[in-house]
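These notes are about the structure you will find just below.
Residue numbers (our numbering): 448 to 736.
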């Protein structure tokens, strides 16, 4: 196996078995804020125990290891096809080693490919970077959280949402309310305002690569993210839908230019098992974080 393929396997293993520190810290804060002895606190205690065991035993955090999403940034002149081939091979090997459950099936027959590789899967997004390093972000997206994603076309008279941030807020609160506990709360909201239908969903998914505790560089959106978390947590859905103070860990919001006649708002919901990892290759050496 090539060096890059093995790095890819280790990258997937990291994402599947070792929850990022920022996510774990957010879950601990949520646990401490719940009523002592409540169901919500007990659920979060179990989640935190699960995180520790998965890390210690190098076993998947969740039985649904999701679909594999790669976001690759590399210098101009990079052989992207070779990179793609190595990461596909890494996905197959990670499945063989038990870091991933076989989740990919043929759309109509439901036949499992057995290796998490299929038409347009794993998913790849390639971008040309300015620096000399190769950066690969991987995200594992489970079916439960994917099922509760949503897209709204504003204005929406049903929820009295106009083409402004207040309308976006109403749409996202509606989506979180409809999700209830089926997205394995407390989750993270990846939100994109604008774009076309397809681009809006991808913009929302890319927001999930941001750390839980980062601050949006746009002051208006930073304030909006904080307000959205506050309002969603007032719904009282709580961990796994059992009620409580913490339904959402964070909201990450971005925007894209749009057609003058269109105003889409997309939500990509990520469960508490916010599985992501990053591979940085520079001067022939790899770092995985």
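Here a beta-carbon is modelled for each residue, glycine too, at the ideal position from N, C-alpha and C.
Closest by C-alpha distance to residue 513, when choosing among 593, 728, 735: 593
Decide if residue 526 is buried, meaning its Cβ has at least 16 other Cβ atoms within 10 Å, or exposed. exposed
Give every residue of the same chain whose Cβ lies closer than 8 angstroms to the Cβ of residue 487, excluding the five residues on either side of it in the sequence, and list them in chain order. 481, 685, 686, 689, 690, 691, 692, 693
Through-space distance from residue 568 to residue 540, alpha-carbon basis: 15 angstroms
Ranges of the beta strand (DSSP E) found wholly within the region 487-547, counting only runs of at least 3: 514-521
What number of angstroms, rounded off, separates the C-alpha of residue 631 from the C-alpha of residue 577? 37 angstroms
Excluding the 5 residues preceding and the 5 following residue 485 in the sequence, name in chain order all residues of the same chain whose CB lies nearer than 7 angstroms to its CB. 691
Straight-line CA distance for residue 623 to residue 602? 18 angstroms
Taking residue 634 and residue 719 to be in contact with their CB atoms under 8 angstroms, please state how far apart those CB atoms are, rounded to whole angstroms. 6 angstroms
Would you decide whether residue 545 is buried or exposed? Buried here means 16 or more other CB atoms lie within 10 Å of its CB. exposed
Can you tell me whether residue 713 is buried or exposed, with buried defined as 16 or more other CB within 10 angstroms of its CB? buried
Report the three-state DSSP secondary structure of residue 632 (helix, strand or coil). coil
With respect to the alpha helix (DSSP H) encompassing residue 652, which residues constitute its N-terminal and C-terminal limits? 644-654
Given residue 705 as reference, the closest of 698, 501, 644 once Cα atoms are compared: 644
Shortest alpha-carbon distance to residue 570 belongs to which of 558, 675, 538, 560? 538
Nearest CA to the CA of residue 627: which residue from 682, 530, 637? 682
Among 724, 672, 619, 598, which one has its Cα closest to the Cα of residue 709? 598
Where does the unbroken alpha helix (DSSP H) through residue 454 begin, and where does it stop? 450-464
Between 735, 731, 721, 725, which has its C-alpha nearest residue 509's C-alpha? 721
Span of the alpha helix (DSSP H) around residue 470: 468-480
Do you know how far the Cα of residue 625 is from the Cα of residue 575? 38 angstroms
Cβ distance (whole Å) where residue 479 is taken to contact residue 660 below 8 angstroms: Rounded, the Cβ-Cβ distance is 16 angstroms, inconsistent with contact.
For residue 671, which of helix, strand or coil comes out of DSSP? helix
Spatial distance of residue 703 from residue 483 (CA atoms): 42 angstroms
Straight-line CA distance for residue 520 to residue 465? 23 angstroms
Using the three-state DSSP reduction, which class does residue 718 fall into: helix, strand or coil? coil
With distances taken Cα to Cα, identify the nearest neighbour of residue 584 among 653, 724, 729. 724
Unbroken alpha helix (DSSP H) run spanning residue 591, endpoints: 590-594
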